[in-house]
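Enquirer: Structure in structure tokens, see below.
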Amino acid sequence: MGVTRASRDSIQDQVERWGAEAKRLAEAGREVAALDLYRKAADALPGAPWLQQRTAELARKLRQYDVAILYFRRSAAAFIAAGFDKRAIAPLRAAWTIARDEMPSFAGVLVEVSTELSEVLESVGLHTDAHTIVECTEDALRQAGLRSQTTLRREPVRPSGVVASDAPDAEPLPLERIRSR
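Take 56 as the starting number for the sequence shown in this note's numbering and just add one per residue.
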């Protein structure tokens, strides 16, 4: 059974009311109450990446790191679902940073977010960044004494930049050939 237009509109209207009230509460210094409303709104409308992002940012400010990571990841998923893969990088990087900074408590989450982030970076052609995320994650795990408990998929480093063809492993073009095109 599908969602009717009227019920979808009423959900959207309710989410907008919750969002406006949450913003008012946050501005009045009642940030915990605002976070509760933002969470309610974000849960009702999971495909709204900016709402997920706003919820995550407030949770991070309140040092509710598990909540922040959850909503940053949901924001990234919503961006990807909407076809905006590059926009998913910032919320995933924020989630990764929180998880890394809160080691060893978030070791498992760090590995999951690292995998998600490196896959998105690879998909948009940022191969070196993807490789760096994997290396930094492995370093953080090693420093926390947890390296042997996890396994990260390590992709071979691929050249970034201009390539000779659409093939993922194509060689970069020499600079003089790029200029002559």
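The beta-carbon is built from N, C-alpha and C at its ideal position, and this holds for glycine as well.
#1: How should W73 be labelled, buried or exposed, when 16 other C-beta atoms within 10 angstroms of its C-beta is the threshold for buried?
#2: Tell me which residues share the same chain as F127 and place their Cβ nearer than 6 Å to its Cβ, disregarding the 5 neighbours each side in the sequence.
#3: Consult DSSP for Q119 and reduce its assignment to one of helix, strand or coil.
#4: Cβ of A133 versus every heavy atom of the ligand FAD: is any distance shorter than 7 Å?
#5: Are at least three pairs of beta-carbons, each pair with one atom in the region 181–198 and one in the region 162–170, less than 8 Å apart?
#6: Taking I124 as the reference, give the member of R109, E193, I135, A136 with the closest Cα.
#7: So is S130 buried or exposed if we call it buried at 16+ other beta carbons inside 10 Å?
#8: Taking L176 and I144 to be in contact with their CB atoms under 8 Å, please state how far apart those CB atoms are, rounded to whole angstroms.
#9: In its own chain, which residues sit with a C-beta less than 7 Å from the C-beta of L113, not counting the 5 before and 5 after it?
#10: Distance check for E76 and A96, CA to CA, integer angstroms please.
#11: Are the beta-carbon atoms of A99 and Q69 separated by less than 8 Å?
#12: Would you grab the beta carbon distance between R115 and I153 for me? Rounded to a whole angstrom, and I think it's under 8 Å.
Expert: Taking the coordinates as given:
#1: As a working mapping, residue 73 is identified with position 18 in the sequence shown. The residue in question, W73, is buried, as its Cβ has 16 or more Cβ neighbours within 10 Å.
#2: The residue labelled residue 127 in the question sits at position 72 within the sequence shown. So the qualifying residues of the chain are A111, P146, A149, A150.
#3: Your numbering for residue 119 matches position 64 in the sequence shown. For Q119, the secondary structure class from DSSP, reduced to helix, strand or coil, is coil.
#4: Inclusion of the ligand FAD in the displayed structure is not the case, the ligand content being empty and no account of it being possible.
#5: Because the criterion of three Cβ pairs below 8 Å is met, the region 181–198 and the region 162–170 touch.
#6: The residue labelled residue 124 in the question sits at position 69 within the sequence shown. Considering only alpha carbons, the answer is R109.
#7: Locating residue 130 in the sequence shown gives position 75, counting from the first residue. The C-beta of S130 has 16 or more other C-beta atoms within 10 Å across all chains shown, which makes the residue buried.
#8: Counting from one through the sequence shown, the residue named residue 176 turns up at place 121. Counting from one through the sequence shown, the residue named residue 144 turns up at place 89. Yes, they are in contact, since the Cβ atoms of L176 and I144 sit about 7 Å apart, within 8 Å.
#9: For this step, residue 113 is matched to residue 58 along the sequence shown. Cβ neighbours of L113 beyond the five flanking positions: A81, E86, A89, L90, Y93.
#10: On the sequence shown, position 41 is the one that residue 96 refers to. On the sequence shown, position 21 is the one that residue 76 refers to. About 11 Å.
#11: By one-based count along the sequence shown, residue 99 stands at place 44. By one-based count along the sequence shown, residue 69 stands at place 14. Against a cut-off of 8 Å, the Cβ pair of Q69 and A99 comes out as a contact.
#12: For this step, residue 115 is matched to residue 60 along the sequence shown. For this step, residue 153 is matched to residue 98 along the sequence shown. Contact between R115 and I153 holds, since their C-beta atoms are separated by about 7 Å, short of 8 Å.
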